[in-house]
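K.L.:
Quick one: structure below, then a few questions.
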Amino acid sequence: MTLTVPDQSPAASACSLAAPSLAALGLRESATFDRATIADIQRAAETGIYDIRGWGAKRHVPHFDDLLFLGASMSRYPLEGYREKCGTDVVLGDRYASRPLHLDTVVTIAGMSFGALSANAKEALGRGASEVGTSTTTGDGGMTPEERGQSRHLVYQYLPSRYGMNPDDLRKADAIEVVLGQGAKPGGGGMLLGQKITERVAGMRTLPVGIDQRSACRHPDWTGPDDLEIKIAELREITDWEKPIYVKIGASRPYYDTALAVKAGADVVVVDGMQGGTAATQQVFIENVGIPTLAAIPQAVQALQELGMHRKVQLIVSGGIRTGADVAKAMALGADAVAIGTAALIALGDNSPRYADEYARLGSAAGFYDDFQDGRDPAGISTQDPELAKRLDPVAGGRRIANYLRVLTMEAQTIARACGKAHLRNLEPEDLVALTVESAAMARVPLAGTSWIPGTGGAGC
Amino acid sequence: MTTTVDSIPVSAGAETEVFDLKIDDVRTLNRAIHQASDGQSFTVDNPGGKHSLAVGINAGIDVEINGHAGYYAAGMNQGGRVTILGNAGVGVAENMMSGTVHVTGDASQSAGATAHGGLLVIDGNASARCGISMKGVDIVVGGSIGHMSAFMAQAGRLVVCGDAGEALGDSIYEARIYVKGTVASLGADCIAKEMRPEHLLELRGLLHAAGRDDDPAGFTRYGSARTLYNFHVDNSSAY
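Residue numbers (the numbering used here), protein chains in the order written: chain A, 1 to 461; chain B, 1001 to 1239.
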C-alpha cells in the first residue's frame, strides 16, 4: 500500500515518533483504530477505490513459529550431523505420469508470472533452482524461452485466464499445474495493472498494452470436480500421459478440496496457505479470505490418509515458508515437499535495507514495501521497467537463490537428524509440540508439556 | 485487421486409418494421431460421446468423427482439420491454435474456449459461454448461442447467424462479434458498433469459409467500448 500522507509513512513514524516517547506522554494508540487502520480509512476516503498490493497476509496468524521439535535423547537417538546421511530428495507425480519429477531437495519455487516479475528475476529463479536440482513454476502469463532455458525442472501452470497457453509449451513442460486458486486469494483471479503490461507482456497475454488486466477466477471450460476429472484426462491425452499433473488450491476447505483433487486424478496436490504471496490483489481479500498454512496441512494430510493416498499423491505446501525449520515442520505435518515464493524474492533482494532511500521516496520502507502492482520495485524484481530490471543480475541472483535453497535444505536436515530421521520425509507429527492452544488445535499436535490436542474430541475436520 | 481465414475441408486424403471406439480406446486413437504426419486421414466410428477425442493434433491431418463427441473434442488442435458429424460436448476445440473444426450438429458450453487461432464452425446451435476468453480464433455458428458468450473475449471473430443469449461479450477486449438475429442483452462494456466496409468484407470471408451464404449486410457488429480497460472509481457500479 502507498501512503499519501508523508509523515505517516512507517519509516517516518518509526524514526520521529518512537512508541516509548508517546507512551511517556501518556498517549495511547487504539488497538482497533491503530495508525495503519487510520491510514487505510483516510486513503479510501481520498481515492474512492480499494487498496491493491502485493505479498500475502500481513496480520499475525498461528504459524510454524508456534511449533517446536522434540529432539532425540533417551527414547530415540539422533543421527550424527555431517556424518550420517539424511536424504532430501523427492519424487513428484508417480501416480499416473510416466515421467515423474525427481528433485534433489524438497524445497521448490512457487508459481510467479513473467509480468508480475521481470525476465531477469524469472531467469535468476530458474538458474538457482536448477543449480540445486529443484523446480520452478510459470505463472499467469505463459512460459518464456528464458525461463524454459534456465529451469531444469519447469512446472507449467494451467490457469483460468489461459494467457499464452499453447500445446507446444505444454509438451515442453516437465509438469502441469492446474491452478484453482492461491492462498493470498482463494476464489480470486489474477491481476496485473497497466504499469506492468508492456508490449512483451501484453503480446504474451493477447491483451492491449497498458490496460489493467483482471484474470478470470473460474476456468472457462470446466466447473467442479467431475469436470476437472475430464479436464485432467484431456491434458494427459494431449501429453501422452508423460507429465505429472498437479492441482493447486488456495487453502480454505483443504480437506474437501484435497479429496476432490485426488478423485479428479491429480498426481500432486499443492496447498497454499493465506500467508502465500501475490503480485497484486485487494488488501481486504489478502487479509480476510483463506486459512493459515498451519491449519491447512493436517486437513489435507487427513484427506490423503483417509483415501489411502498419502505419499502416493504427493502434497506440496506453500505459504510463509522462510527457514529450514519451517520446511521441517511442514514435512513433519505430512507434506512431501514445500514451495517458496515471497522468501525467494527476498533472497533476490526484495525489501533489502540497501534500497532504503528509494523505498522512502515511494512512500514505503525496507521491510514494508508491498507495492508490487506499481512496477517501480527498486530491487528490479516485481517490475517491467527495463532500467529497474537491469539492477538484478540474473547470474548473481541465481547464486543467491541457490545459496538460500541450500541453507533451507541443510537447516531442515539439521533438525531431521536431531530427531533421528534419515530422510526429511521421515519427520512425523510425533516430533512436534505446540506453544499455544491455537496452534496445537490447528496443527493437531499436543500443547508442549501436555498430551492435549484441542479439538480432537469432536468432529474431525 | 486481418481478413485471412482458414476454411473447412472439402475432401479427405487418400489412405484413411479407421478407429472403432467400440473396440479401440481413446488412448490408442490419440497416440496414433500424435504420431501422424501431414496429409494423413483418420476416421473415428462409434465415438459414443467419449471425451478428449482427437486432442493435441500437431500436424495437417484430417479427422472425421462419425457421431457425437464428449468433452474437449479436438482440444488444442494445431493444424488439423476435424469434422464431427454429430453434436459436440463441452469445450469443443478448446484452446485451438490453428486448423479447422467443423461440428455439423449442436455444441455444448464453452465451444472454442480460449482458442488462439483456426476456424471453428458449428452448423447448429452453441450453448453458453461460446468463445469464452477467445484469443484469436474465428467461430461461425449457424444457429444461436447461449448466455455469457464471448465473455472476456480477447481477440478473434465470433459470427452468429441466429440469436445471442444474455450478457453477450461481457468484459470483452479486442474480439469482434457479428450477430444476425437478436441479442438478449449485452454484458458490461460491450456495445453495438458501426458496420464499416472492412467489417462487411471480413464477415463475408468468414461466412464463405464456413460454407454459408448469409448476407453480411443483415448482421450487427458488437465490440468493446473500452471504458473498463483501466480501473476508475466512477466505473465501480459496472463491475
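Heads up, the beta-carbon is just placed ideally off N, CA and C, and yes, glycines get one too.
Quick caveat, the model's predicted, so the values are computed rather than measured.
Distance cutoff 8 Å, beta carbons only. Does residue 1176 (chain B) sit that close to anything in chain A?
P.N.:
Not closer than 8 Å to any Cβ of chain A, the Cβ of residue 1176 (chain B) fails to qualify, so no.
K.L.:
Cβ atoms of residue 392 (chain A) and residue 349 (chain A): under 8 Å apart, would you say?
P.N.:
Contact flag set, yes.
K.L.:
Which residues mark the beginning and the end of the beta strand (DSSP E) in which residue 1103 (chain B) is found?
P.N.:
From DSSP, the beta strand (DSSP E) with residue 1103 (chain B) extends over 1098 to 1103.
K.L.:
Within the 8 Å Cβ cut-off, does residue 225 (chain A) reach chain B?
P.N.:
False, the Cβ-Cβ gap to chain B never drops below 8 Å.
K.L.:
Apart from the five residues on each side of it in sequence, which residues of its chain come closer than 7 Å, Cβ to Cβ, to residue 15 (chain A)?
P.N.:
Here the model assigns residue 15 (chain A) a pLDDT of 47, short of 50, so the residue's position is not dependable and the matter cannot be decided.
K.L.:
According to DSSP, residue 272 (chain A) sits in a beta bridge with which residue or residues?
P.N.:
Paired residues: A:250, A:318.
K.L.:
Could you confirm whether any beta carbon from chain A is found closer than 8 Å to the beta carbon of residue 1125 (chain B)?
P.N.:
No, its Cβ sits nowhere closer than 8 Å to a Cβ of chain A.
K.L.:
Smallest Cα separation from residue 184 (chain A): which of A:205, A:279, A:109, A:232?
P.N.:
Looking at the Cα atoms, A:279 is the closest of the given residues.
K.L.:
Under 8 Å between C-beta atoms, does residue 1030 (chain B) make it to chain A?
P.N.:
So yes, residue 1030 (chain B) belongs to the interface.
K.L.:
Between residue 1179 (chain B) and residue 1227 (chain B), how many whole angstroms is the CB-CB distance? I'm expecting something under 8 Å.
P.N.:
With a Cβ gap of about 21 Å, residue 1179 (chain B) and residue 1227 (chain B) do not count as contacting.
K.L.:
Give the straight-line distance between the Cα atoms of residue 1216 (chain B) and residue 51 (chain A), rounded to the nearest whole angstrom.
P.N.:
Rounded to whole angstroms, residue 1216 (chain B) to residue 51 (chain A) spans 47 Å at the Cα level.
K.L.:
Label residue 82 (chain A) either buried or exposed according to how many other C-beta atoms from any shown protein chain fall within 10 Å of its C-beta, with 16 as the threshold for buried.
P.N.:
Classification for residue 82 (chain A): exposed.
K.L.:
Under the three-state reduction of DSSP, which class applies to residue 1030 (chain B): helix, strand or coil?
P.N.:
Helix.
K.L.:
What residues are listed by DSSP as bridge partners for residue 1066 (chain B)?
P.N.:
DSSP lists B:1045 as partners of residue 1066 (chain B).
K.L.:
Among residues of its own chain, excluding the 5 on either side of residue 1139 (chain B), which ones have a beta-carbon nearer than 6 Å to its beta-carbon?
P.N.:
These residues qualify, in order along the chain: 1112, 1120, 1131, 1158.
K.L.:
Tell me which residues of the region 1171 to 1197 of chain B have at least one Cβ-Cβ distance to chain A shorter than 7 Å, keeping chain order.
P.N.:
The region 1171 to 1197 of chain B vs chain A, Cβ under 7 Å: 1173, 1174.
K.L.:
Select from A:96, A:157, A:70 the residue whose C-alpha is nearest the C-alpha of residue 109 (chain A).
P.N.:
Among A:96, A:157, A:70, the Cα nearest to that of residue 109 (chain A) is on A:157.
K.L.:
Could you tell me the distance, in whole angstroms, from the CA atom of residue 1108 (chain B) to the CA atom of residue 40 (chain A)?
P.N.:
Answer to the nearest angstrom: the Cα atoms are 46 Å apart.
K.L.:
Let me check understanding here. Comparing Cα to Cα, which of B:1135, B:1224, B:1162, B:1173 lies closest to residue 1192 (chain B)?
P.N.:
It is B:1224 whose Cα lies nearest to the Cα of residue 1192 (chain B).
K.L.:
Check the Cβ of residue 216 (chain A) against every Cβ in chain B and list those closer than 7 Å, keeping chain order.
P.N.:
Within chain B, the residues near residue 216 (chain A) are 1133, 1152.
K.L.:
Check whether the Cβ of residue 161 (chain A) lies closer than 8 Å to any Cβ atom in chain B.
P.N.:
Yes, its Cβ sits closer than 8 Å to a Cβ of chain B.
K.L.:
Quick check: is the beta carbon of residue 1051 (chain B) nearer than 8 Å to any beta carbon in chain A?
P.N.:
Chain A, which has a Cβ nearer than 8 Å to the Cβ of residue 1051 (chain B), makes this yes.
K.L.:
Which class does residue 1217 (chain B) belong to by DSSP, given the choice of helix, strand or coil?
P.N.:
Three-state DSSP puts residue 1217 (chain B) in a helix.
K.L.:
So, with DSSP's three-state summary, where would you put residue 1199 (chain B)?
P.N.:
Note: residue 1199 (chain B) maps to helix in three-state DSSP.
K.L.:
Roughly how far, in whole angstroms, is the beta-carbon of residue 225 (chain A) from the beta-carbon of residue 180 (chain A), given that I think they are within contact range, below 8 Å?
P.N.:
In fact, because the Cβ distance is near 10 Å, the residues do not count as touching under 8 Å.
K.L.:
Would you mind sorting residue 1210 (chain B) into buried or exposed? The rule is 16 or more other CB atoms within 10 Å of its CB.
P.N.:
Classification for residue 1210 (chain B): buried.
K.L.:
Residues of chain A with a CB under 7 Å from the CB of residue 1040 (chain B): which are they?
P.N.:
Result: empty, since nearest Cβ-Cβ is about 18 Å, beyond 7 Å.
K.L.:
Could you tell me which residues DSSP puts in a beta bridge with residue 1241 (chain B)?
P.N.:
This structure gives no information on residue 1241 (chain B), because the portion of chain B shown stretches from 1001 to 1239.
K.L.:
Can a CB atom of chain B be found closer than 8 Å to the CB of residue 309 (chain A)?
P.N.:
For residue 309 (chain A), the answer is no, since every Cβ of chain B falls outside 8 Å of its Cβ.
K.L.:
With a floor of 4 residues, list each alpha helix (DSSP H) that falls wholly inside the region 131 to 193 of chain A, ordered by position along the chain.
P.N.:
Whole alpha helix (DSSP H) segments, 4+ residues: 145 to 150, 167 to 172.
K.L.:
Quick check on residue 394 (chain A): buried or exposed, where buried means 16 or more other Cβ atoms within 10 Å of its Cβ?
P.N.:
Residue 394 (chain A) comes out buried.
K.L.:
Taking the alpha-carbon positions, what's the residue 460 (chain A) to residue 91 (chain A) distance?
P.N.:
Because the pLDDT of residue 460 (chain A) is 44, which lies under 50, any placement of that residue in the model is unreliable, and the number read from its coordinates should be weighed accordingly. When rounded, the distance between both Cα atoms is 30 Å.
K.L.:
Please look up how many angstroms separate the CB atoms of residue 89 (chain A) and residue 104 (chain A), rounded, as I've assumed it's under 8 Å.
P.N.:
About 5 Å separates the two Cβ atoms, so the contact holds.
K.L.:
Would the region 1017 to 1031 of chain B and the region 1046 to 1054 of chain B be scored as touching if the rule is three or more Cβ pairs under 8 Å?
P.N.:
Yes, the region 1017 to 1031 of chain B is in contact with the region 1046 to 1054 of chain B.
K.L.:
Identify the contact partners of residue 1104 (chain B) in chain A, using a Cβ-Cβ distance below 9 Å as the criterion.
P.N.:
The contacting residues do not exist; residue 1104 (chain B) stays about 21 Å from chain A at best.
K.L.:
Helix, strand or coil for residue 59 (chain A)? Go by DSSP, reduced to three states.
P.N.:
Residue 59 (chain A) falls in the coil class under three-state DSSP.
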